[in-house]
Amino acid sequence: MKNPHSLIRPLVHNLRAYVPGEQPKIKGLIKLNTNENPYPPSPRVLRAVRAATDGRLRLYPNPTAERLREKLARLHRCRPENIIVGNGCDELLALAVRAFAEPKQNEAGSRKQDSCSTVQYFHPSYSLYPVLADIHGAAKNAVPLQPDFSLPGALELRRGKVWDFHAALTLLTTPNAPSGRGYSAKDLDALCRTQHGVVVLDETYVDFAEENALTLALKYPHVLVARTFSKAYSLCFQRVGYCVGHPELIGALQKIRDSYNVNGLGQIAAEATLDDQPYYRANFRKIVAAREDLSRELTKLGFRVLPSQTNFILAKPPRFPAKEWLQKLRQHKILVRWFDDPSVRDYLRISIGTPSDMAALVKAARGIMPR
Ligand SMILES: Cc1ncc(COP(=O)(O)O)c(C=O)c1O
Numbered sequence: 001m002k003n004p005h006s007l008i009r010p011l012v013h014n015l016r017a018y019v020p021g022e023q024p025k026i027k028g029l030i031k032l033n034t035n036e037n038p039y040p041p042s043p044r045v046l047r048a049v050r051a052a053t054d055g056r057l058r059l060y061p062n063p064t065a066e067r068l069r070e071k072l073a074r075l076h077r078c079r080p081e082n083i084i085v086g087n088g089c090d091e092l093l094a095l096a097v098r099a100f101a102e103p104k105q106n107e108a109g110s111r112k113q114d115s116c117s118t119v120q121y122f123h124p125s126y127s128l129y130p131v132l133a134d135i136h137g138a139a140k141n142a143v144p145l146q147p148d149f150s151l152p153g154a155l156e157l158r159r160g161k162v163w164d165f166h167a168a169l170t171l172l173t174t175p176n177a178p179s180g181r182g183y184s185a186k187d188l189d190a191l192c193r194t195q196h197g198v199v200v201l202d203e204t205y206v207d208f209a210e211e212n213a214l215t216l217a218l219k220y221p222h223v224l225v226a227r228t229f230s231k232a233y234s235l236c237f238q239r240v241g242y243c244v245g246h247p248e249l250i251g252a253l254q255k256i257r258d259s260y261n262v263n264g265l266g267q268i269a270a271e272a273t274l275d276d277q278p279y280y281r282a283n284f285r286k287i288v289a290a291r292e293d294l295s296r297e298l299t300k301l302g303f304r305v306l307p308s309q310t311n312f313i314l315a316k317p318p319r320f321p322a323k324e325w326l327q328k329l330r331q332h333k334i335l336v337r338w339f340d341d342p343s344v345r346d347y348l349r350i351s352i353g354t355p356s357d358m359a360a361l362v363k364a365a366r367g368i369m370p371r
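Residue numbers (the numbering used here): 1 to 371.
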């Protein structure tokens, strides 16, 4: 009998899988750990999904999400060839790693070869990036952000000598997660201009920010902007994301994806979402207002709250270590996120919920603090 263990590639054996935020089944829990939107999809979206839930489920969906790509192209003033739709933004990030970075050679290669297989990203940012590089067998180059989570300028990157201006792929979360820090289109433009490989601007949280950098994907042939319907558009469950960029790069991603990568109900839900923008814009305003209120309230209680341009905040709690706060809040049926990483170990990441979720959080925090 074969030992099944011996059938698995060593690379897979050695992988540390991505750990998603917990999806607990506990009743009455206030869930502020995965940056989901506290508001439901618009009634028009729910109606469209219900209306499509019939005998059509036996058919394959449109393989290229054609109608959705056409609508997105109109929204972003580009052509459908500039757009690929994916099974969430996560799929598109994985495709980018596979399309643009070479797996590492076994023997030490030249500097040029190293860059060909390098997936580069700032640290801290989305913790999936290193996992995707590892799955593909690519090299990783994690470069620290500034202590306040701002982007290092080109001069600092050159001086630091760790940044690879020739990296095959650079993944940049903007606004940043987990800090919530926003970046200006001007700074992102400057960074893209100095880069020789592909740059993916991961704009997962951009609808809550002051600026976006979508024009860079249409200005530069090596820049892609990745977006998702998950967060701002309340559609995590349906898994729909998309990338905008030069038709050549988009075509490369199209070539290597699964034939029917976006499920039919997801396509219908995303199309209906684009038809009801005012509903979502009102939600963005509510979430941003709740974010600012929560930041003020927690600051009054002694938290150090970092400025955020996302639907979450990163906050350093007073009195106890952040990990202890995580447990204490859980005892109050409030779930937030804590990352065991030196760059953010002292902080809690708190997703913005409804005003009543936020009031419950502040009340619990008051209860936790010794008088
Ligand atoms: C920075 C960032 N990029 C991408 C994603 C994934 O989004 P999606 O749900 O579209 O796969 C997330 C999800 O948390 C994220 O935080």
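Even for Gly, the Cβ is constructed at its ideal location relative to N, Cα and C.
Mind checking whether residue i and residue j have CB atoms under 7 Å apart?
| i | j | result |
| --- | --- | --- |
| Leu301 | Leu95 | no |
| His196 | Phe149 | no |
| Lys104 | Ala139 | yes |
| Val336 | Leu32 | yes |
| Leu201 | Leu157 | no |
| Leu132 | Leu169 | no |
| Arg291 | Ile350 | no |
| Leu314 | Gly180 | yes |
| Glu81 | Pro247 | yes |
| Gln309 | Ala209 | yes |
| Ala217 | Val225 | yes |
| Asp207 | Phe284 | yes |
| Asn87 | Val262 | yes |
| Arg239 | Gly266 | yes |
| Ala167 | Gln120 | yes |
| Pro40 | Thr354 | no |
| Ala360 | Ile26 | no |
| Ala282 | Leu329 | no |
| Ile334 | Asn311 | no |
| Thr215 | Ala154 | no |
| Tyr129 | Leu151 | no |
| Lys323 | Trp338 | yes |
| Glu91 | Cys236 | no |
| Asp134 | Leu15 | yes |
When you compare each of the options to residue i by their alpha carbons, which one comes out closest?
| i | options | result |
| --- | --- | --- |
| Lys255 | Val85, Ala213 and Arg281 | Val85 |
| Asp258 | His136, Asn62, Pro41 and Ser6 | Asn62 |
| Arg319 | Met369, His13 and Ser356 | Met369 |
| Arg304 | Lys286, Trp338 and Tyr347 | Tyr347 |
| Asp275 | Lys71, Ile334, His123 and Lys27 | Lys71 |
| Thr204 | Leu151, Leu249 and Tyr126 | Tyr126 |
| Gly21 | Pro178, Thr273 and Pro278 | Pro178 |
| Gln277 | Arg44, Pro10, Thr34 and Ile26 | Arg44 |
| Trp382 | Pro147, Phe100 and Ala142 | Residue 382 is absent from the model: the chain starts at 1 and stops at 371. |
| Glu66 | Lys25, Tyr183 and Ala270 | Ala270 |
| Lys219 | Ala190, Tyr242, Val97 and Asp134 | Ala190 |
| Arg79 | Pro355, Ile250 and Leu57 | Ile250 |
| Val198 | Arg330, Leu151, His123 and Thr118 | Thr118 |
| Ile83 | Tyr242, Gly153, Phe100 and His222 | Tyr242 |
| Ala99 | His123, Gly137, His13 and Trp325 | Gly137 |
| His222 | Cys192, Asn212, Cys236 and Arg159 | Cys192 |
| Gly367 | Thr174, Tyr279, Pro147 and Gln331 | Gln331 |
Hey, quick one: how far does the alpha helix (DSSP H) through residue i stretch, first residue to last?
| i | result |
| --- | --- |
| Ala365 | Pro355 to Ile368 |
| Asp202 | Per DSSP, Asp202 belongs to no alpha helix (DSSP H); it is in the beta strand (DSSP E), Val198 to Asp202. |
| Phe284 | Gln277 to Lys300 |
| Leu72 | Glu66 to His76 |
| Glu22 | No alpha helix (DSSP H) holds Glu22; DSSP gives it neither H nor E. |
| Gln331 | Ala322 to Gln331 |
| Ile250 | Pro247 to Ile256 |
| Leu11 | Pro10 to His13 |
| Ile268 | Gly264 to Leu274 |
| Lys104 | Premise fails: Lys104 is in no alpha helix (DSSP H) and is neither H nor E. |
| Lys401 | Residue 401 is absent from the model: the chain starts at 1 and stops at 371. |
Ends of the beta strand (DSSP E) at residue i?
| i | result |
| --- | --- |
| Gln120 | Thr118 to His123 |
| Tyr242 | Gly241 to Val244 |
| Ser351 | Leu348 to Ser351 |
| Arg227 | Val223 to Thr228 |
| Lys316 | Phe312 to Lys316 |
| Gly86 | Ile83 to Gly86 |
Examine ligand 2 and report whether any of its heavy atoms sits within less than 6 Å of the Cβ of residue i.
| i | result |
| --- | --- |
| Arg74 | Here the bound small molecules are ligand 1; ligand 2 is not part of this structure. |
Any chance you could list the residues with Cβ under 5 Å from a heavy atom of ligand 1, keeping chain order?
In chain order, the residues with a C-beta atom nearer than 5 Å to some heavy atom of ligand 1 are Gly88, Cys89, Asp90, Tyr126, Thr173, Ala177, Asp202, Thr204, Thr228, Ser230 and Gly241.
Which ranges does the beta strand (DSSP E) cover as unbroken runs of at least 3 residues, wholly within the stretch 125 to 187, from first to last along the chain?
Counting only runs of 3 or more, we get 139 to 144 and 169 to 173.
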